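*Asks:* Quick one: structure below, then a few questions.
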Amino acid sequence: MSTTSAVATSKTLRGQRYCEVLPVFMENGKLEEYVYNTQGLNDCPDAQWKALNADNLAKNLGAVKVVLNGPRYWMMDQIIANGDSAGGDVKTFGDMQMQLRAKVEIPMGQTSAGGSYYTDNVVDRNTEYIFKAGQPLYQLVNPQGDVYTMQTYSQIVDPTLTLEDLPNLGSRLKLPTGWQYRVTTPAQDLHLVAHGKAYLIQDDLTNSYQKEIQ
542 MSTTSAVATS
552 KTLRGQRYCE
562 VLPVFMENGK
572 LEEYVYNTQG
582 LNDCPDAQWK
592 ALNADNLAKN
602 LGAVKVVLNG
612 PRYWMMDQII
622 ANGDSAGGDV
632 KTFGDMQMQL
642 RAKVEIPMGQ
652 TSAGGSYYTD
662 NVVDRNTEYI
672 FKAGQPLYQL
682 VNPQGDVYTM
692 QTYSQIVDPT
702 LTLEDLPNLG
712 SRLKLPTGWQ
722 YRVTTPAQDL
732 HLVAHGKAYL
742 IQDDLTNSYQ
752 KEIQ
């Protein structure tokens with residue numbers, strides 16, 4: 542598997558639908574979550590997605606468990622993926638193809654990543670997310686001033702959530718003390734780069750954000 546190749550999306554991703562299957566395996570005494578998603582292969586057709594059964598998938602894969610993560614919608618405009626993030630194995634789950642994009646080491650005491658809201662999860666991947674100038678950014682800021690930019694919004698908790706709801710999302714979130722939800726419009730492109738590790742959080746509606754590393 543190549544570790545130097547790069548794959549870039551050729552059209553804007555913003556607003557595109559995708560889904561993920563996340564099998565969890567015990568490896569070397571640690572729980573590892575594998576991230577397979579539909580990006581570039583299909584747009585996660587609703588009937589095929591609803592036909593998936595997590596327990597059956599876990600049994601067939603020999604996994605500790607399987608998490609079905611979606612539907613979700615991208616918020617960046619372009620992804621440049623390198624190494625394993627660009628060329629992971631393709632598997633078929635039910636009638637949908639998905640490609641391996643990342644791995645997540647699950648913290649002790651949890652059985653899947655993302656189990657706690659507003660808490661960092663470390664994801665192994667090599668990616669550059671590009672958010673174009675003039676397009677709104679939806680961000681969380683913690684009391685230490687760390688900025689997390691929304692990379693996907695989710696219809697897992699609220700199946701009716703749309704792009705149009707995001708400007709006023711802050712009034713719905715149960716933010717921890719000292720946290721802030723804000724909307725900004727950058728004058729220059731924002732590049733969120735992960736060289737091997739990305740730091741992600743989820744809000745209480747399971748929207749996903751990546752930490753800006755200075």
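In the numbering used here, the protein residues as written are 542 to 755.
Even for Gly, the Cβ is constructed at its ideal location relative to N, Cα and C.
Keep in mind the model is a prediction, meaning the values are calculated, not measured.
Under the rule that 16 or more other beta-carbon atoms within 10 Å means buried, what is Val698, buried or exposed?
*Replies:* Looking up residue 698 in the sequence shown gives position 157. Per the 10 Å Cβ criterion, exposed.
*Asks:* Is the Cβ-Cβ distance between Tyr722 and Gly711 less than 8 Å?
*Replies:* On the sequence shown, position 181 is the one that residue 722 refers to. On the sequence shown, position 170 is the one that residue 711 refers to. Cβ atoms of Tyr722 and Gly711: closer than 8 Å.
*Asks:* Could you pull out every residue in the same chain whose Cβ sits closer than 7 Å to the Cβ of Tyr658, ignoring the five residues on either side in sequence?
*Replies:* On the sequence shown, residue 658 is found 117 positions in, with the first residue counted as 1. So the list reads Gln743, Asp744 and Asp745, once near-sequence residues are dropped.
*Asks:* Quick one: any contact between the segment 680 to 698 and the segment 631 to 644, if contact means 3 or more CB pairs under 8 Å?
*Replies:* No, the segment 680 to 698 is not in contact with the segment 631 to 644.
*Asks:* With 16 as the cutoff for other CB atoms within 10 Å, does Ala622 come out buried or exposed?
*Replies:* In the sequence shown, residue 622 corresponds to position 81, counting from 1. Burial call: buried.
*Asks:* What does a CB cutoff of less than 6 Å around Ala599 pick up in its chain, not counting 5 residues either side in sequence?
*Replies:* Along the sequence shown, one-based indexing puts residue 599 at 58. Once the five neighbours on either side are set aside, the close Cβ partners of Ala599 are Lys606 and Val607.
*Asks:* Let me make sure I understand the geometry here. Which of Leu593, Asn594, Met617 and Pro708 has the alpha-carbon closest to that of Gly556?
*Replies:* Here residue 556 refers to the residue found at position 15 when the sequence shown is read from its first residue. Here the closest residue by C-alpha is Met617.
*Asks:* For Gly611, name the three-state secondary structure that DSSP assigns.
*Replies:* Within the sequence shown, numbered from 1, the residue matching residue 611 stands at position 70. Strand, per DSSP.
*Asks:* At what residues does the beta strand (DSSP E) containing Gln638 begin and finish?
*Replies:* Position 97 of the sequence shown, counted from the start, is the residue given in the question as residue 638. Residues Met637 to Glu646.
*Asks:* Would you kindly work out how many angstroms separate the C-alpha atoms of His732 and Tyr750, rounded to a whole number?
*Replies:* Mapped onto the sequence shown, residue 732 falls at position 191. Mapped onto the sequence shown, residue 750 falls at position 209. Cα-Cα distance, rounded: 14 Å.
*Asks:* Give the range of the alpha helix (DSSP H) segment to which Lys591 is assigned.
*Replies:* Counting from 1 along the sequence shown, the entry for residue 591 is found at position 50. Taken as a continuous stretch (DSSP letters only), the alpha helix (DSSP H) holding Lys591 covers Asp587 to Lys591.
*Asks:* Apart from the five residues just before and just after Glu753, which ones in its own chain have a Cβ nearer than 6 Å to its Cβ?
*Replies:* In the sequence shown, the residue the question calls residue 753 occupies position 212. Excluding positions up to five away in sequence, the list reads Val688.
*Asks:* In whole angstroms, what separates the C-alpha of Met567 from that of Leu602?
*Replies:* The residue labelled residue 567 in the question sits at position 26 within the sequence shown. The residue labelled residue 602 in the question sits at position 61 within the sequence shown. The straight-line gap from Cα to Cα measures roughly 12 Å.
*Asks:* Measure the C-alpha to C-alpha separation of Ser546 and Asp730 and round it to an integer number of angstroms.
*Replies:* Taking the sequence shown and counting its residues from 1, the one referred to as residue 546 is at position 5. Taking the sequence shown and counting its residues from 1, the one referred to as residue 730 is at position 189. Only weak support exists for where Ser546 lies, its pLDDT of 33 falling under 50; the coordinates are left without a value.
*Asks:* Below 6 Å CB to CB, which residues in the same chain sit around Cys560 once its five sequence neighbours on both sides are set aside?
*Replies:* Position 19 of the sequence shown, counting from 1, holds the residue named residue 560. Counting only Cβ-Cβ distances below 6 Å, and skipping sequence neighbours, we find Thr579, Cys585, Trp590, Gly611 and Pro612.
*Asks:* So Ala595 packs on Ala674, CB below 8 Å; how close in whole Å?
*Replies:* Your numbering for residue 595 matches position 54 in the sequence shown. Your numbering for residue 674 matches position 133 in the sequence shown. Not quite, the Cβ-Cβ distance comes to about 40 Å (not below 8 Å), so this is no contact.
*Asks:* Expressed to the nearest angstrom, what Euclidean distance is found between the alpha-carbon atoms of Pro684 and Thr660?
*Replies:* For this step, residue 684 is matched to residue 143 along the sequence shown. For this step, residue 660 is matched to residue 119 along the sequence shown. When rounded, the distance between both Cα atoms is 13 Å.
*Asks:* Taking the alpha carbon of Leu716 as the point to measure from, which residue in Glu574, Phe672, Ile647 and Leu681 has its own alpha carbon closest?
*Replies:* On the sequence shown, position 175 is the one that residue 716 refers to. If we check each option's Cα against that of Leu716, Leu681 comes out closest.
*Asks:* What do you get for Ala549, buried or exposed, if any count of 16 or more other CB atoms within 10 angstroms of its CB means buried?
*Replies:* What you label residue 549 is simply residue 8 of the sequence shown in a count that begins at 1. Legend: pLDDT at Ala549 = 48, less than 50; position of this residue unreliable, no value from coordinates given.
*Asks:* In terms of DSSP beta bridges, what is Lys571 paired with?
*Replies:* In the sequence shown, counting from the first residue as 1, residue 571 sits at position 30. DSSP lists Glu568 as partners of Lys571.
*Asks:* Starting from the Cα of Ala604, find the closest Cα among Gln619, Val562, Asn662 and Asp630 and give me that residue.
*Replies:* Looking up residue 604 in the sequence shown gives position 63. Out of Gln619, Val562, Asn662 and Asp630, Val562 has the C-alpha closest to the C-alpha of Ala604.
*Asks:* What does Ser695 pair with, by DSSP beta-bridge criteria?
*Replies:* Position 154 of the sequence shown, counted from the first residue, corresponds to residue 695. Paired residue(s): Arg613.
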